[in-house]
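In UniProt numbering, the protein residues as written are 1 to 398.
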């Protein structure tokens, strides 16, 4: 009789990466079937060590024409010896949405099915629901159940030969990319925000759910940011819904700064009964190798109109800029904020190499003074099409 186990990834130490890797590593495994709607290279990387041992005995059925499955993922599977089939519905109105992973040996078969795709989210970080089913192939009922599940997958090729086609080589994958059936993970991805706020404040302040996520050592070397020019290689393209037209605006940005984990001072959250928030954020070095004393005035905000203060404030330069916000996945139309820079080079602050530029939160304070944003990361972007327009995105760090 089949053994069934229900799994909810994120609520315990068990996750789909571990389950699938364990299935692939069972001694004597001689056939593997992977069926998934979406595949990305980071998903393939998570099971690479286990999959490469049985890659030559593996068939993968991967959904395409869906805006998620990538060129890099299919190449990574091919490099592991996997026989890859694209499942192409020929339409963007309906997609292949199956998730079934099967491993077989002479005595048993194991099936993992549920909500998880072959992506980092599906295998590791999302809250996913699934069922692991162990079948004893010497048992008639178990064998029938396994065979029925497998046959439903294999019938795809028989019923829809034009829609289920084998990916034979790298040139074939390149042709699919050029035809728009796959995405290129090395290019900027268009990100659709989950919604657009009609007001400049959020009525719902929902903390990022704290789930159990396995820490995976990143084997791939990420590109090091060694100079200021490298920062602006990081692009963000988002689509923002237009309330009145039922359509979307496409906004393009270049990254100009990324913070370290945000503090109560950064977010203007009172940390005690005697604490008075400053109303501004001191723009510090963050995670990049910038000169925090000059970078924001001379580079990040160099296209703004800066004016000198009067009287005792003559040593300050002031500018205004438009900032939109992307918080908790929601796009909030922005406000005009003040930026202040101290040009003096003979003060104790300057000589101690402290930052010299402040961003005043003004009307945006009610957006950012939220305790659930503590320890998250703030990323600042410059709109590539509109001078003086910027985006502040706040998201959990990885």
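For each residue, glycine too, the CB sits at the ideal point set by N, CA and C. Quick caveat: nothing in here was measured; it's all calculated off a predicted structure.
Quick one, are the C-beta atoms of residue i and residue j less than 8 Å apart?
| i | j | result |
| --- | --- | --- |
| residue 332 | residue 131 | no |
| residue 341 | residue 295 | no |
| residue 255 | residue 381 | yes |
| residue 95 | residue 261 | no |
| residue 343 | residue 317 | yes |
| residue 339 | residue 359 | yes |
| residue 357 | residue 283 | yes |
| residue 23 | residue 71 | no |
| residue 288 | residue 383 | no |
| residue 238 | residue 12 | no |
| residue 21 | residue 60 | no |
| residue 9 | residue 127 | yes |
| residue 399 | residue 259 | There is simply no residue 399 to check, as the chain begins at 1 and stops at 398 in what is shown. |
| residue 404 | residue 62 | The chain is shown only over 1 to 398; residue 404 falls outside these bounds and no answer can be derived. |
Have a look at the options and flag the residue whose alpha-carbon is nearest the alpha-carbon of residue i.
| i | options | result |
| --- | --- | --- |
| residue 25 | 104, 391, 59 and 69 | 104 |
| residue 124 | 283, 7 and 312 | 7 |
| residue 90 | 320, 21 and 165 | 165 |
| residue 48 | 77, 56 and 292 | 77 |
| residue 81 | 292, 238, 287 and 32 | 32 |
| residue 355 | 281, 301, 375 and 314 | 281 |
| residue 120 | 157, 159 and 69 | 69 |
| residue 149 | 35, 350 and 176 | 35 |
| residue 46 | 110, 160, 214 and 66 | 214 |
| residue 397 | 353, 185, 362 and 328 | 328 |
| residue 268 | 352, 185 and 368 | 368 |
| residue 109 | 155, 28 and 185 | 28 |
| residue 334 | 389, 353 and 163 | 389 |
Rounded to a whole number of angstroms, what is the C-alpha to C-alpha distance between residue i and residue j?
| i | j | result |
| --- | --- | --- |
| residue 414 | residue 391 | No answer is possible for residue 414: it lies beyond the span of the chain, which begins at 1 and ends at 398. |
| residue 263 | residue 364 | 17 Å |
| residue 98 | residue 366 | 43 Å |
| residue 312 | residue 305 | 21 Å |
| residue 320 | residue 348 | 27 Å |
| residue 142 | residue 1 | 6 Å |
| residue 323 | residue 393 | 10 Å |
| residue 299 | residue 257 | 11 Å |
| residue 181 | residue 240 | 23 Å |
| residue 373 | residue 151 | 48 Å |
| residue 370 | residue 249 | 28 Å |
| residue 387 | residue 309 | 23 Å |
| residue 345 | residue 301 | 19 Å |
| residue 64 | residue 38 | 7 Å |
| residue 56 | residue 187 | 30 Å |
| residue 92 | residue 395 | 29 Å |
| residue 337 | residue 279 | 11 Å |
| residue 222 | residue 144 | Reliability fails at residue 222, whose pLDDT of 45 lies under 50, so the model's placement of it is uncertain and no value is given. |
| residue 275 | residue 265 | Low local confidence applies: a pLDDT of 49 at residue 275 is under 50, so the model's placement there is unreliable, and no value is given. |
| residue 350 | residue 292 | 10 Å |
| residue 303 | residue 362 | 21 Å |
| residue 325 | residue 67 | 25 Å |
| residue 236 | residue 210 | 26 Å |
| residue 216 | residue 315 | 49 Å |
| residue 161 | residue 375 | 51 Å |
| residue 159 | residue 58 | 21 Å |
| residue 133 | residue 177 | 35 Å |
| residue 155 | residue 118 | 21 Å |
| residue 185 | residue 385 | 23 Å |
| residue 179 | residue 163 | 15 Å |
Looking at chain D, is there any beta carbon in it that lies within less than 8 Å of the beta carbon of residue i?
| i | result |
| --- | --- |
| residue 296 | No chain D is part of this structure, which consists of one protein chain only. |
Hey, would you say the C-beta of residue i is under 7 Å away from at least one heavy atom of the ligand NAP?
| i | result |
| --- | --- |
| residue 70 | Absence of the ligand NAP from the depicted structure is noted, as is the absence of any ligand whatsoever, leaving it without description. |
Say whether the segment 25 to 44 touches the segment 163 to 181, bearing in mind that this needs 3 or more beta-carbon pairs closer than 8 Å, one atom from each stretch. no
Decide yes or no for the touch test of the segment 5 to 22 against the segment 105 to 125: beta carbon pairs closer than 8 Å, at least 3 of them. yes
Quick one: complete beta strand (DSSP E) runs, 3+ long, within the segment 30 to 108? Runs of the beta strand (DSSP E) spanning 3 or more residues and lying entirely within the segment 30 to 108 occur at 31 to 36, 58 to 63, 83 to 87 and 99 to 104, in chain order.
Any 3 or more C-beta pairs closer than 8 Å across the segment 80 to 94 and the segment 130 to 144: no
Can you list, in chain order, the stretches of the alpha helix (DSSP H) that have 4 or more residues and sit fully within the segment 361 to 394? Within the segment 361 to 394, the complete alpha helix (DSSP H) segments at least 4 residues long are 365 to 368, listed from N- to C-terminus.
Segments of 3+ residues assigned as beta strand (DSSP E) that fall wholly inside the segment 286 to 343: 316 to 327 and 330 to 342
Note down, one range per segment and in chain order, each alpha helix (DSSP H) of at least 4 residues found wholly within the segment 113 to 177. 140 to 159
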